[in-house]
Structures are given as structure tokens and as C-alpha cells.
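Chains as they are written, first to last, in our numbering: chain L, 460 to 993; chain Z, 460 to 993.
Glycine included, every Cβ here is placed at the ideal spot set by N, Cα and C.
Since the structure is predicted, the reported quantities are computational estimates derived from the model, not experimental observations.
Working notes for the structure below.
2 protein chains.
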Amino acid sequence: MSQQNVSRQDLPEQTEMHPTRWGDPARARPLPDEARGLVEMVFGVDDRPAVDEAPLAPPTVDAAALADLRAAVGDAHVRTDDATRRLRTRGKSTPDLLRARAGDLTDAPDVVVRPGDHDEVAAVLAVAAARHLAVVPFGGGTAVTGGLVARREGFGGVVSLDLVRMKRLLAVDHVSMTAVLEPGLRGPEAEALLAAEGLTLGHYPQSFEYATIGGFAATRSSGQSSAGYGRFDALVVGLTVATPVGRIDLGTAPASAAGPDLRQLFLGSEGTLGVLTAVTVRVRRLPAVKVYEGWRWPSFADGATAIRTLAQAGLLPTVVRLSDEAETAINLADPGAIGGAADAGCLMITGYEGEPAAVEAKQAAVTAVLTGLGGTPAGTAPGEKWAAGRFDAPYLRDSLLDAGVLVETLETATFWSNLDRLYTDVKAALTAHLGEPALVLCHISHVYETGCSLYFTVAATEGDEPLRRWQEAKSAACDAMIAAGATITHHHAVGWDHKPWYAQEIGPVGVSVMRAVKHALDPEGILNPGVLVP
Amino acid sequence: MSQQNVSRQDLPEQTEMHPTRWGDPARARPLPDEARGLVEMVFGVDDRPAVDEAPLAPPTVDAAALADLRAAVGDAHVRTDDATRRLRTRGKSTPDLLRARAGDLTDAPDVVVRPGDHDEVAAVLAVAAARHLAVVPFGGGTAVTGGLVARREGFGGVVSLDLVRMKRLLAVDHVSMTAVLEPGLRGPEAEALLAAEGLTLGHYPQSFEYATIGGFAATRSSGQSSAGYGRFDALVVGLTVATPVGRIDLGTAPASAAGPDLRQLFLGSEGTLGVLTAVTVRVRRLPAVKVYEGWRWPSFADGATAIRTLAQAGLLPTVVRLSDEAETAINLADPGAIGGAADAGCLMITGYEGEPAAVEAKQAAVTAVLTGLGGTPAGTAPGEKWAAGRFDAPYLRDSLLDAGVLVETLETATFWSNLDRLYTDVKAALTAHLGEPALVLCHISHVYETGCSLYFTVAATEGDEPLRRWQEAKSAACDAMIAAGATITHHHAVGWDHKPWYAQEIGPVGVSVMRAVKHALDPEGILNPGVLVP
Chain L
460 MSQQNVSRQD
470 LPEQTEMHPT
480 RWGDPARARP
490 LPDEARGLVE
500 MVFGVDDRPA
510 VDEAPLAPPT
520 VDAAALADLR
530 AAVGDAHVRT
540 DDATRRLRTR
550 GKSTPDLLRA
560 RAGDLTDAPD
570 VVVRPGDHDE
580 VAAVLAVAAA
590 RHLAVVPFGG
600 GTAVTGGLVA
610 RREGFGGVVS
620 LDLVRMKRLL
630 AVDHVSMTAV
640 LEPGLRGPEA
650 EALLAAEGLT
660 LGHYPQSFEY
670 ATIGGFAATR
680 SSGQSSAGYG
690 RFDALVVGLT
700 VATPVGRIDL
710 GTAPASAAGP
720 DLRQLFLGSE
730 GTLGVLTAVT
740 VRVRRLPAVK
750 VYEGWRWPSF
760 ADGATAIRTL
770 AQAGLLPTVV
780 RLSDEAETAI
790 NLADPGAIGG
800 AADAGCLMIT
810 GYEGEPAAVE
820 AKQAAVTAVL
830 TGLGGTPAGT
840 APGEKWAAGR
850 FDAPYLRDSL
860 LDAGVLVETL
870 ETATFWSNLD
880 RLYTDVKAAL
890 TAHLGEPALV
900 LCHISHVYET
910 GCSLYFTVAA
920 TEGDEPLRRW
930 QEAKSAACDA
940 MIAAGATITH
950 HHAVGWDHKP
960 WYAQEIGPVG
970 VSVMRAVKHA
980 LDPEGILNPG
990 VLVP
Chain Z
460 MSQQNVSRQD
470 LPEQTEMHPT
480 RWGDPARARP
490 LPDEARGLVE
500 MVFGVDDRPA
510 VDEAPLAPPT
520 VDAAALADLR
530 AAVGDAHVRT
540 DDATRRLRTR
550 GKSTPDLLRA
560 RAGDLTDAPD
570 VVVRPGDHDE
580 VAAVLAVAAA
590 RHLAVVPFGG
600 GTAVTGGLVA
610 RREGFGGVVS
620 LDLVRMKRLL
630 AVDHVSMTAV
640 LEPGLRGPEA
650 EALLAAEGLT
660 LGHYPQSFEY
670 ATIGGFAATR
680 SSGQSSAGYG
690 RFDALVVGLT
700 VATPVGRIDL
710 GTAPASAAGP
720 DLRQLFLGSE
730 GTLGVLTAVT
740 VRVRRLPAVK
750 VYEGWRWPSF
760 ADGATAIRTL
770 AQAGLLPTVV
780 RLSDEAETAI
790 NLADPGAIGG
800 AADAGCLMIT
810 GYEGEPAAVE
820 AKQAAVTAVL
830 TGLGGTPAGT
840 APGEKWAAGR
850 FDAPYLRDSL
860 LDAGVLVETL
870 ETATFWSNLD
880 RLYTDVKAAL
890 TAHLGEPALV
900 LCHISHVYET
910 GCSLYFTVAA
920 TEGDEPLRRW
930 QEAKSAACDA
940 MIAAGATITH
950 HHAVGWDHKP
960 WYAQEIGPVG
970 VSVMRAVKHA
980 LDPEGILNPG
990 VLVP
């Protein structure tokens, strides 16, 4: 073994998320006048101030339990103050933000506990089992399907198990090209530690700046470079998990025929089966070159066929994305980049990362295929614009929510032969339930030989009951996904929000398996009660 | 959906396996005189005739249960004759053959039942649960780790659930490049049906000619072209499973974040959690070109470094294999092919399949890397020789067993940085326990970015107690694998033979998960009792 222990290094400065907004307040972007004018024209502006400092109910955890938790992790790491609890309340879906903006913090945890290593996590679980406390593992707080909300009934309180202190790069194996990461590392922190070794994970979801390694694994995240680097679950080689019944270490080899792949039970388990305390990932050398380009297609269908052709020829770039006509048209800031606004067709982004010769060869091969299929190169400007703004959409959502415009996203995936139907049906369901004025935009951003994801962005007026308005539209969209035989989520997990459809997707036998595994690992049911498991 | 229903087609003629030998009797190959001379020189020839027609104990299943089974699948498909039962007794490991050759058929099933579709499988399971019969799903009968032997105690008899009638290509989706196969299709049968559509699965394990689609999935098989096409578990998109508690259909999308990946519980489940009744696989277009070549390396370590370099550069050929010095030397039939026998170094085989331009480009890129790392091209002769004989080793084993030479294989996998240790320790364990004269050969045949498999072939004199002799050596090898942190099996499953080490590999928490899943899906414990689940 040539593993090296890597000491803790200086990490990028950490910013706490705002309780009612995304990300770093310093990076908030009020709508520019021009955009505000456009929003006013389409939706009507209806400024909606948020209640940022709503009061919390007093914590319900009793003194004896608090004392046990302090014994487990140290006094300094058990917090019950309002500010800390407020910041661990729910995630960052639009419904989460709407509730928080309205001052509804009923889902706040009672106590925030910060273990420093695997053994302290195990000690917290032991206390929680003995004192019958619900435990919500907490990483970046970027969940969008309700995965950070525990059912309270029957418990003596809710513990937010914050992994913020577990940010080490535990080992690097330069021969096997693997690294062992702690779960609390945010995307940029993990990349900084790996970059010091000349390595990268290459996992860049939109939540990259805040979401954590543990969260990526627990929700089966997929990054914008998934075509090149793979989904997060495909990057995971090994896992260490603290469960209420003990520790499990999985991942003895790159591949194995030793029974079912139990790693695949913990990937996507959303904190309900155990707490991931170390994640061994496949890493790659830092790319020497990154090139992002735009392509224009006459239609979404033409672009999708081109992507499918690349995927089935084994010629995928590192990044490949395709906006439908509506999303392309709404990217109005610089429509000239792909040749005019009104009939701009569909914009595709392709990205290449790696060694110069490999990038050049791949780019040439892809260019030949895309040109042959009727694509028109649009140069690097659209690609660079996309790359520069790739993590900014949640800030724009805040500004639109401020202006009374409801914005939310949802995503699914299916096989290529079913793509038209899924696209048409989900779009129709959203449009029908949101009424006018509403925008329904879509793009393909994760691609496989056999199919791809569809990611929808919706904008509509909030109306009097924005929560109910969204939930009805989303419910109809989810019904359409299941009716089309697609998956209820491609990379955002199940949480509370997708549970009814998840149960349909895996069927009654699947539900009984999930319940059996849950009971075996968490007999008291303390881990994220109510989340995922139907 | 552009799925097409494909009607049943003419399949290659099916040959039953011989009860004490591999494959088709017409293809048996007595040792040529020259080889027999060599065997005599090294081991001493000790001809050992097999007992081919040993008597069986009468079946124990009672008349009422037989009547229920007949009602489930039809009279013609319930068989209790000796010949049929004999051919469903155990698998084809060397211990299995030694027992059968000695006339020990104590593990014969009592009744062989042949359901024709999913519903009939479900009906058989219902009868078995009601009558408390053990059920052993049976495909090609090529198991090598004891997976076809049910524990009898506590059951009213053992049913061999033979999937021989379930051989349809149920659907082909040329857009998504997927196909739905029934579990009883042998490798050549599946390839013939797909070839009629211009497609291939590309899964070619050594057992290809007899093993079945259901068996590939249930044991996490890996084919000799795994570098290009992927392991079988990576080819599986969807599964339909008949369990004692109902049917489950899995695989709604190419990728999903909807909870744990439950397909990964049934892959590798060895018939203990349900019977796979349909397997949806990723398919590829039939390759226009197949090229196989040889390369010579100064040492096993040099060749392994070259393979690792290819894997981590994303430059793997379709096939890549590397024999160690001992295996290279024993491939004596044509040592001139790689330049002389005594100091022949190590032989690598590389294979390329696909469209001519893609093959040419990949071959050029790989050749540049291998040449740069010190490899010497050995032309196409060694590659073609390997390709021509790739499924023949089990016939040679029969001939060697006839001559009193014990031959068996075992395999493992680990990360690259651990490869030297694993190779050294397993080889030492085998050598120490087999004593002289014994040959221990090894090759790498399945390769990943983070590591690879090691496949050992052992030849030794049988001695008075060949079974015990092998079991002690194998046990020591398995201990060495676990001590080295490697997996107990890369592509041959757990069965009975690997259970003690499997339990160590997944640990007590993993064992409790397996038991919970087993109990949820098979509450009566009728499915392959004793196999896999610790």
C-alpha cells in the first residue's frame, strides 16, 4: 500500500448558508433593472420581504440527554442557540425557502451536535438510541426534497448531527488513484485538498459550493461533468458507515462478486440507514486543459439525437448539456451568441477536460459527429458563459422570490426511446397546473448510453398560496413521470417530497426490502425518521 | 417507445452437460501424447476413471407436493428420473467433479421442475413455500462455488428449478440500445438472438458456452471482454424477479437517485432472494472488426504497470490480459510466439472490437503507450491462439483429472497499490499447502481504473485425498486474500465455498443486513438454503 496520511490543510473560508436564502450573502444578486423590467412584464413584480429572524420554539431535549450528548462530543460541540438551530432547519428547495421566508421554522432541530470523528458519531447515535432522539445527519444543508426534516412524533427531540468538523482528507493512494474523504467536506474544500495532491474528484453539481461529500453520497448526486467523470455513486469505491448497530466498512476491491453490492444500499440512503463517516472515491489527475463550447441545433429532438449518438459511440465529452427551445430563448442575456433570439433553436454546451492531446483528439472526433448530424458550432463564448455562471442559479432564484416570482426545478431520467413522451407529458402537467403566465424550461444535462436526464425549471407568479400552487404542479409532474415509467428523481433523492412516487417506483416488494434493511440497521428508527423509507 | 417484441427464434443446438465432466462430450480432448508425457514427467500419471452412472437415492418429495408442482408447470415439466436429477447435481468446480467422479451424488435434487415463464416460476415458489421444499434455481449448471447445493435439513425435498424453457428475447430497443432477455438463455443462444438484430451483449466468460443470463446476473459474472463491454452487473439495466413475497420490477432509468439501488441486491444474490425471470441489458452493435494481439513484457510487474497506465488514461482495449512468468512459461505449445521458452517474460493479450476506424485509433493509441513503457509487440498469433482456445480450459481440466492431476482455479481482486502483496501472499499460501510438485499460475484478466483481478490456476498431484488437499490449499489462499484486504471473489460468487470469508468481508453489520433482506423476501427460507447468506 502506498497510501499517505494527509494532514489537515488550510481550507477555503467557510460561509454559513443564510436561513432564508442560498449561499453567501455577499454574492446575492438583486435583479438588474433590465431583468426586473422583464419580470414585471411577464409576471408582474410583487415584492415579498422575507422574515429572516423568526423566533423558534424552545428546544425540547431534556437536560439528561443534553448531558449525554455533551459527554459524547464535548461541551463546545452541543449547541441549542436559536441562530445555530435556525441554520439547520430544512434545506434549500423553494418550498423550504417559502416556509422560512414566512417565518415558519417549526422544523428546526432542538439541538445541533458536531462530532469530530467516526467514534463520536457512533457515540451520538448511542445516546440518541438510548434517549429516543431523532437524528438528522447534516452536511451542506442544500437538500431540495425534504431530506433534512425528521418526523418528531414519538421522539424526545430532534438532533441535527452536523458533520462540519469532519473535513479531513484521510488518505490518498496515487497508485490506485483513490482518496478517502470525510463527509463534512464541501465541494470546494475537497477539491482544494485534492488539488494539493495534483488530483481532482471532478464532481460539480450546481450545489457544489455548499454541498458535502457525505451529502453527495447519501443522495446519489450527479455533477455537471458527469459525462466525463461519472455520477457520484459511480465515483464511490468504499464507504465507512456508523449505524445504530455498529460500524460497517465496505469496498474491498474495484469490483467483486461477493454477494450483493451493499455499498449501493448506503448510497442514496439519505441518512436513514447510517451516517457516512468516510467515503473512498476514485480520483483523476487535475486536467491541464478545460475547453467549453456552444453548439446550435434546429430543435431539442435534433440535439438529443446528437447526444445519444455520442453516448452510444463512446464519444462523450466531459460536459454535455442541451437546452430546449424555451430554455434557450430565455437565456436572453446574449442571444447573439447562438445567432439571434426569436428563432435561436437549441443551445448545446460541450466541455472537454484533460491532457491537451486527449482533449484535442476528443474534441475533433465529437466535432466531426456533431457537424455531420447538422449541428452548428457557436464558438467558446456560450460555453465560457455557462461555465462562469454554473453555480449562480440559486442566487437568481432568491431575487425572483423577492420579486414574487415562484421558481423551482425538478428532474427525472428515462431511456432514449421514452424521452419524447416524458418531456411532453411532464411539461404538459406543469403547464396545465401552473396556468398563465408560467415558464417551463428544460434541459438534458446527464447522459448515458441508454438514456438521459431531463431537468425542468419553472417560473410562475406566486399567487396567494405559492406553496400549494407549487405542490399541485409538482405532484402532477411526478404523476406524469411515474405514468411514463421514468424515475422520480435523477440526482436529488427522495426525502419527504418524493415518497409517494418512490413507493410506486420500487413497488410493494421493494418497500418491504427497504423497511427490512431499515429495521436491521436502525431498530429504534432514530435515523432521519420519515425520510425516504415508505 | 420503439420496443419490438421478438418472436422466439431458432437457437443453437443445446447440449446437456455431462454429469462428471465439462461441456459437450464430442469436444472432450484426451491429452495428446506429448502433453501426457509432460504431465507424467512433472506429476506422474495416475489414471482415474470416473463413475459416470452412480445410483441416486430415491426422491423424497411426496406425492401431494409433486401433484402441486405438476399443476404449476404441467406434467411434462416435472421430472424425477435419475438421468435428469443427476445432471442437476452440483456445479462444475473441481471439488464438484471429484465428488461426482467418485460416485457421490448425495446432493442430487429430488425433482426437476421447468417453468415456462414468470408466472410459472411464481407458482413453483408458492408450492415450495406451502410444502416447505427447498428451491435451487438452475441455469447452465456451471457454478464453481457450491451455489447449486441446497441445505436439505428441515425441508420436504429439494426442487431444481430449471430455467431451460425460459429462453426468449422478450424485447429489443434499438434506440436505447437495450434488450430484455429471459434467464435460461445460454451465452451463445443470447448472442445468436441479438446477432439477428445486429447487436451483441459482449459477455464472454470462460463458461460462455453453457452459462446462462440468469446465472451471469446472479453471480456477478465478468467476461473476458470486460475492459471493453463491462462486467455483467454493469450491463444490467433492469431486472424482474419472482420472490416468495411477490414480483419486483427494477430499473426505471439509466441512472436514478431514488433511494438505494435495489438491483444491486439481486445481482450477486445467487438465487437466495428470488428467481430472476427477465434481465434487461445494455447491448452494443455487433463489432465489424476483432483484432487480438500479443505483447511481451520483461516481468509481471512491468506488464501490470502498463495495464494500470492504460486504465487510468481511459485507453483500455476491449480485451486485456497478462500472464505471470509461470503461466507464460507453461503456455509451452508455441513459446516461439513470444520469443523463446525459458526466459519468455510475460505474455499480454490485447483485443480490439468495434468499427474499423475506432479500432484503428484505439490500437494506435494503446500501441504508443505500451511501446513507450517497454512492451514488445508479439504480433497477432498469440492473440488469435488465445481467442481460439478461450473456452477450452475446462476440457483440459477433465483430461488432467483423468490423469490424476488436480487442477482448479480461484480468483480475487484488489486495488493497484495492493497488487504485489496480494499476488505474493496468495501464491505463497497455495504453494505452501500443495507442496511439490505443484504449479501455481496467475493472470490479470479484468481491469479497472483503481485495480484489477488476479486469477490463479493450480495443478498438483491428486494424492489420496484430493478433496481435502485442495480444500486446505484453497482455505489458506482465502485467508491470504482476506488478510490482504482483498475480495474473496471477483466473478465466481460465494456459494457455500466462500461463506466463511464472505462473512469476514462484509462484517457483522453486513451479515445482519443480508439476513434481514433474506427474511423479508423469503420468510420461509426456501430459496437456495445454505448458499451465500451467512
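Residue i versus residue j - alpha carbon distance
i: S666 of chain Z; j: V968 of chain Z; result: 33 Å
i: E752 of chain Z; j: A837 of chain Z; result: 7 Å
i: G727 of chain L; j: A693 of chain Z; result: 18 Å
i: M973 of chain Z; j: G673 of chain Z; result: 20 Å
i: A952 of chain L; j: L991 of chain L; result: 8 Å
i: E650 of chain L; j: A638 of chain L; result: 11 Å
i: H892 of chain Z; j: L774 of chain Z; result: 39 Å
i: I797 of chain L; j: I789 of chain L; result: Its pLDDT being 45, under 50, I797 of chain L is placed unreliably by the model, and the measurement read from it follows with that caveat. Between I797 of chain L and I789 of chain L, the C-alpha separation is close to 13 Å.
i: A817 of chain L; j: G606 of chain L; result: 40 Å
i: A737 of chain L; j: L644 of chain Z; result: 41 Å
i: R927 of chain L; j: L584 of chain L; result: 36 Å
i: A516 of chain L; j: T565 of chain L; result: 7 Å
i: E475 of chain Z; j: E648 of chain Z; result: 14 Å
i: P514 of chain L; j: P841 of chain L; result: 45 Å
i: A908 of chain Z; j: E843 of chain Z; result: Residue 908 of chain Z is actually Glu in this sequence, not Ala. Looking at the two C-alpha atoms, the distance is approximately 26 Å.
i: G600 of chain L; j: T835 of chain L; result: 40 Å
i: F691 of chain L; j: G646 of chain Z; result: 32 Å
Own chain partners of residue i with C-beta closer than 8 Å, once the 5 adjacent residues on each side are dropped
i: T539 of chain L; result: P518, V520, L525, D569, V570 and V571
i: Q930 of chain L; result: P554
i: L732 of chain L; result: V700, T702, L724, F725, V976, K977, L980, D981 and L986
i: W955 of chain L; result: T604, G605, G606, V608, G989 and V990
Residues of its chain near residue i, where Cβ-Cβ distance is below 6 Å and the 5 sequence neighbours each way are ignored
i: Y663 of chain Z; result: G682, Q683 and S684
i: P988 of chain Z; result: A593, A609 and R610
i: A932 of chain L; result: L889, H892 and L893
i: R560 of chain L; result: T479 and A509
i: A962 of chain Z; result: V970 and P993
i: T575 of chain Z; result: One point to set straight first is that residue 575 of chain Z is Gly, not Thr, in the sequence displayed. So the qualifying residues of the chain are R624.
i: G562 of chain L; result: V510 and A513
Contacts around residue i, its chain only, beta-carbon distance under 7 Å, and the 5 residues preceding and following it disregarded
i: V603 of chain L; result: G550, K551, S552 and H951
i: A763 of chain Z; result: L781, L878 and I903
i: G922 of chain Z; result: R928
i: L829 of chain L; result: W754 and A765
i: V906 of chain Z; result: A686, I766, A770, L775 and V779
i: R573 of chain Z; result: V532, H536, D621, V623 and R624
i: W845 of chain Z; result: Y751 and I808
i: D857 of chain L; result: R480, W481 and A487
Pair within 9 Å by beta-carbon distance, residue i and residue j
i: P719 of chain Z; j: V779 of chain L; result: no
i: I965 of chain Z; j: L980 of chain L; result: no
i: C911 of chain Z; j: I766 of chain Z; result: yes
i: D861 of chain L; j: A509 of chain L; result: yes
i: T839 of chain L; j: E812 of chain L; result: no
i: E814 of chain Z; j: V734 of chain Z; result: no
i: V586 of chain L; j: A530 of chain L; result: yes
Within the segment 475 to 503 of chain L, ranges of the alpha helix (DSSP H) (whole runs, at least 4 residues): 492 to 501
Would you be able to state if there are at least three C-beta pairs under 8 Å between the segment 904 to 920 of chain Z and the segment 488 to 503 of chain Z? yes
Below 8 Å, can you find three or more Cβ-Cβ pairs linking the segment 485 to 495 of chain L to the segment 841 to 861 of chain L? Yes: at least three Cβ pairs fall under 8 Å.
The segment 733 to 742 of chain L / the segment 867 to 886 of chain L touching (three or more Cβ pairs under 8 Å): no
Segment contact, 8 Å Cβ cut-off, at least three pairs: the segment 934 to 949 of chain L with the segment 710 to 723 of chain Z: yes
Completely contained beta strand (DSSP E) runs for the segment 535 to 596 of chain Z, where each covers 3 or more residues: Under the rule that a run must span 3 or more residues, the beta strand (DSSP E) segments found entirely inside the segment 535 to 596 of chain Z read 570 to 572.
In the segment 509 to 539 of chain Z, which residue ranges form an unbroken alpha helix (DSSP H) of at least 4 residues, counting only runs that do not cross its ends? 522 to 532
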